[in-house]
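Going down the list, the protein sequences come from chains Z, Y, P and X.
According to our numbering, the first sequence holds residues 91 to 289 in order.
According to our numbering, the second sequence holds residues 91 to 289 in order.
According to our numbering, the third sequence holds residues 91 to 289 in order.
According to our numbering, the fourth sequence holds residues 91 to 289 in order.
Cβ atoms here follow ideal geometry from the backbone N, Cα and C, with glycine treated the same way.
Notes for the one structure printed next.
4 protein chains.
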Amino acid sequence: MRTLERDRLEAFSDGVLAVIITIMVLELKVPHAGTLAALKPMIPTLLAYALSFTFVGIYWNNHHHLLRAAGGIDGTVMWANLHLLFWLSFIPFVTSWVGTHLTDPIPMSVYGFDLLMSAVAFSLLASSLVRANGPDSLLARQSGLDAKQIASVVAYVAAIAGAFVATWISAVVYFAVALMWLVPDRRLESAIVESQKGR
Amino acid sequence: MRTLERDRLEAFSDGVLAVIITIMVLELKVPHAGTLAALKPMIPTLLAYALSFTFVGIYWNNHHHLLRAAGGIDGTVMWANLHLLFWLSFIPFVTSWVGTHLTDPIPMSVYGFDLLMSAVAFSLLASSLVRANGPDSLLARQSGLDAKQIASVVAYVAAIAGAFVATWISAVVYFAVALMWLVPDRRLESAIVESQKGR
Amino acid sequence: MRTLERDRLEAFSDGVLAVIITIMVLELKVPHAGTLAALKPMIPTLLAYALSFTFVGIYWNNHHHLLRAAGGIDGTVMWANLHLLFWLSFIPFVTSWVGTHLTDPIPMSVYGFDLLMSAVAFSLLASSLVRANGPDSLLARQSGLDAKQIASVVAYVAAIAGAFVATWISAVVYFAVALMWLVPDRRLESAIVESQKGR
Amino acid sequence: MRTLERDRLEAFSDGVLAVIITIMVLELKVPHAGTLAALKPMIPTLLAYALSFTFVGIYWNNHHHLLRAAGGIDGTVMWANLHLLFWLSFIPFVTSWVGTHLTDPIPMSVYGFDLLMSAVAFSLLASSLVRANGPDSLLARQSGLDAKQIASVVAYVAAIAGAFVATWISAVVYFAVALMWLVPDRRLESAIVESQKGR
C-alpha cells in the first residue's frame, strides 16, 4: 500500500517535471529570419535554457534518489512535494525573463530566488519524509542538511545579492552550483545499497 | 484485471493533472522590462496562479485517495472521470482571465463556476465508484456528501454571487476553501487503513 | 515481456493523449475584457473544445479497451499506434481553426478529415494487433469492422462534403458521432470478460 | 531495485518524449482565414511537423528497445539519458524555424545539427548502458555502432553542408534517414529474444 502511494507520487512528480523541462522550449521564440544573425541574440536565452534544463534534471535525479531511499509517505509528504513542484514550475517563467534581460539585476536575482525556494522546498520534503519514516529509518540516519545543500543555499543568496553588482557574477554562480550537483548524492545512494543488503 | 484498469485510469488522470498544473505557467506573460516595477502588475496573476496550483493539487490528492479506496471501475466511472478532468482543464483559462481582470465580477464569478462544476463532477465520480463497487463496499459505507463538500459548494455559490458585490469577497472565499481542503479527507484515509487490516 | 512492452506502449499513448487533451485549452485566447460580452464570441470555440475533448476521451477509452483485449505487440503495432497519435495530435489545431471560422466550409471539412484519418488509423491499429496475436486470438474472433466504425466513417465523409452545403450540418454530424461513441465497445468488453473466465 | 530504477527512467523519458511530440502542434499557427488558400503556405510547416513527429517516434521506439535490452542503470546512464532528451527537446524549435524559412540554408542546417547531436547522444547513452552492465552483458555483445547509425551520422553531416548548395537536398536526406529507421533495430530485438530464452 505504502509503496503504491509512493509510486503514484513519483509518477505525478515525473509528469510535472517532464512538462516543466519540455515546455521551456515554447518560450524560445522562433527567429523571424533564417540567418545566423537572427539566432545570435538568442544565445543568452539558449544558455539560460540549457542551465534550467540541467537544474530540472538535477531535481528529477535527486527527487528520484530521495523517494527511493524513503519507505512510506503521508499527507504532509504529499503537500511538501507539491510545494517543491510549485517553485520548480516557475523555472520556465524566470528562465525566459532572465534570458531576455540578461544585464538587468532583478530577473537575475529572481531566478536565484526561485532556485533558493526550490532548495528550501526540497529540504522540507526530505524532513517530511524523515518524519513519516521515523527517527530509526535508514533515511533519517543518512539524511540531514549536507555540505552540498548548505553550499547551494549560500551560493543562491550570494547570487541574489551579487546580481546588483554585476549580473555575470550570479550567472557564474548558477553554473557552478549546477556543476556541483551533476554528481549524484552518494549518501542516499549508499543508504539504498545498504537497505538492499538488509533484505 | 480491475486493478489494472484502475491503474491506467489513475495514470491518465495524473498525466492530465500534471499538464494542467504546469501549463498554467505558460499563461504568465514574461515582463517586457527587467525591473520590479514590471513585475508588480503581475502580482494578482501570480496569486491566482498560486491559488489554482493549490486547487489542482487538492484535486490530485483527493482523486488519489478516492481511487485508492475504490476497488473496481466500469465505463460510467471512466466517463465520470473524464467529466471531472473536463472542468479542471479550464482552470488555466479562468486563472489567466481572473488574474488580468481582478476587479471585474464576471471573470471572478466564472472562476467560481468552474470550481463549482469541478466539485459537482467530483461528487458524480464518487457516486459512480460507489455504484461500481456495490452498496456493501467500504467506499459506499464511508462515502457520501460530507460537511467539507457541502461547505465548498455553498461557498462557491456565495462567491459566484458575491463577486457582483465586491470581487475581493470571492477571492477571500476561494482562498478559505483551499485552506479547508489542505487537510486530507480523513474518512477515506481511514477506509483504506481498515481495508488493509481486512487483508 | 510482451506485457511489459504493451504497458510502455500504453504509458506513452496515455502521455500523448493527456497532453493533446490538455493543451487544447492553450488555444483558448483569454478575453481582453472582463465582461460576458467578451466571452460571447468564444462560444463556438468553447463548443468545439468540448466536442474535441470528448473525441480524445473516446479514443483514450477505445484505445484502452483495444490494448486490454490484445495480448502481445510487435514493431508494426508500435508504428500503427504512432500513426493514430499523429492524426489525433492535429485535433488541437483543427479545433482552434474550426472554432474561429465556424461558417467557413474548409475548416469544418478539415476537422472531419482529421477525424476520418484517426478512425482509419484506429482500424489499422486494430488490424495490426490481430496480426500480432494470430487468427485464433480472442481479439481476432471479436474484432473486425463493426457497425459503429462503419457508421462513423460514412458520417465523416458525409460531414466533409456537407460542410460545403451548410457548416451546421457537419457540426450536427460530429456531435451525433460523439454521442454514439460515448457507449463503450461492448464486443471488446465481453472479449475481456471471457478472457478472464478462461484464466 | 535496478529494474525499478530503469522503470522510472523510462517513465520520465516517455513523459518528456510525449510532451515533445505533442507540443510541436502548438507551433502550428492557426490560419487567419477559413480557406484552402490560407492553408497552402503552411504545407512546408506541416511536412516538417510530420517529419519531426516521425523522428521523435523513432527515438521513442529505439530508446524503448535499448532500455529493454539493458539490465541495470547508474548515475552516468541517467545523465546520458538527460543529454539525449536535451537535444530532442529542441526539435519543436528547429521544426518551426525550418518550416517557416524553407529556402534558407541556416535553419535547414541547424535542423540537421540537432538530429546529429541527438544521434551522438543516443550513442553515448548506449555506451553508458554497456559500461553499467559490464562487457559480458547481452547488450555489450550485441551493441556497438552499426551500419545504420554510421549511415545516419554521415547523412546528417552531408545534409548540414548540402543545405548551403540547395535546401531541398537536405530535406530529401532527412526524409531518407527517417525511412531507413522506420524498420526497428533487429539486433536489439534478437538480443531481447535470446535473453528471454535464457531465463
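Would you report the Cα separation of residue i and residue j, rounded to the nearest angstrom?
i: Y:S213; j: Y:L118; result: 31 Å
i: X:L192; j: X:P131; result: 11 Å
i: Z:G202; j: Z:V247; result: 8 Å
i: P:G124; j: X:G124; result: 28 Å
i: X:A311; j: X:A268; result: This structure cannot settle anything about residue 311 of chain X, because the visible part of chain X is limited to 91 through 289.
i: Z:A261; j: Z:G189; result: 11 Å
i: X:L206; j: Z:L206; result: 36 Å
i: X:I196; j: P:R98; result: 37 Å
i: Y:S218; j: Y:D164; result: 9 Å
i: P:K238; j: P:M270; result: 8 Å
i: X:S208; j: P:T112; result: 28 Å
i: X:F143; j: Z:F176; result: 30 Å
i: Y:L156; j: Y:A216; result: 7 Å
i: Y:L141; j: Y:G224; result: 36 Å
i: X:L107; j: Z:V109; result: 10 Å
i: Y:L136; j: Z:S186; result: 16 Å
i: Z:V266; j: Z:Y149; result: According to the sequence as given, residue 266 of chain Z is Ala; it is not Val. Cα-Cα distance, rounded: 16 Å.
i: Z:V220; j: Z:E95; result: 16 Å
i: P:D204; j: Z:G161; result: 47 Å
i: Y:M198; j: Z:D194; result: 35 Å
i: P:A159; j: P:N151; result: 13 Å
i: Y:F145; j: X:A138; result: 38 Å
At a Cβ threshold of 9 Å, is residue i touching chain Y?
i: P:M270; result: no
i: Z:V109; result: yes
i: P:W150; result: yes
i: Z:S186; result: yes
Does residue i come within less than 9 Å of chain Z when only Cβ atoms are used?
i: Y:R98; result: no
i: Y:N171; result: no
i: Y:V115; result: yes
i: X:V106; result: yes
i: X:F176; result: yes
i: Y:A123; result: yes
For a cutoff of 9 Å on Cβ pairs, would you count residue i as touching chain X?
i: Z:A138; result: no
i: Z:M91; result: Low confidence applies to Z:M91: its pLDDT is 39, below 50, so where it sits in the model is not reliable, and the reading given next is rough at best. Closer than 9 Å: no.
i: P:R289; result: For P:R289, the predicted model reports a pLDDT of 42, less than 50, meaning its position is unreliable and no value from the coordinates is stated.
i: Z:I181; result: no
Could you check if residue i belongs to the surroundings of the ligand MN, using beta carbon to heavy atom distance under 8 Å?
i: P:G189; result: Ligands displayed in this structure: none; no statement on the ligand MN is therefore possible.
Would you say residue i faces chain P, with C-beta separation under 9 Å as the test?
i: Y:L255; result: According to the sequence as given, residue 255 of chain Y is Val; it is not Leu. So no, Y:V255 is outside the interface.
i: Y:M168; result: yes
i: X:N223; result: no
i: Y:A101; result: yes
i: Y:L215; result: no
i: Y:S218; result: no
i: Y:G165; result: yes
So is residue i buried or exposed if we call it buried at 16+ other beta carbons inside 10 Å?
i: Z:A211; result: buried
i: Z:H153; result: buried
i: P:H122; result: exposed
i: P:L272; result: exposed
i: X:V263; result: buried
i: X:W258; result: exposed
i: X:L126; result: exposed
i: Z:G147; result: buried
i: Z:V244; result: exposed
i: P:D236; result: exposed
Contact the stretch 161 to 178 of chain P vs the stretch 99 to 111 of chain P: 3+ CB pairs below 8 Å:
Output reads yes: the stretch 99 to 111 of chain P touches the stretch 161 to 178 of chain P.
Could you tell me whether the stretch 243 to 254 of chain Y touches the stretch 120 to 137 of chain Y, using the rule of 3 or more Cβ pairs below 8 Å?
No contact exists between the stretch 243 to 254 of chain Y and the stretch 120 to 137 of chain Y.
Is there contact here, the stretch 107 to 127 of chain P with the stretch 182 to 192 of chain P, by at least three beta-carbon pairs under 8 Å?
Enough Cβ pairs lie closer than 8 Å, so yes.
Contact residues within the stretch 190 to 203 of chain Z, judged by C-beta distance below 7 Å to chain B
You won't find chain B in this structure, because its protein chains are Z, Y, P and X.
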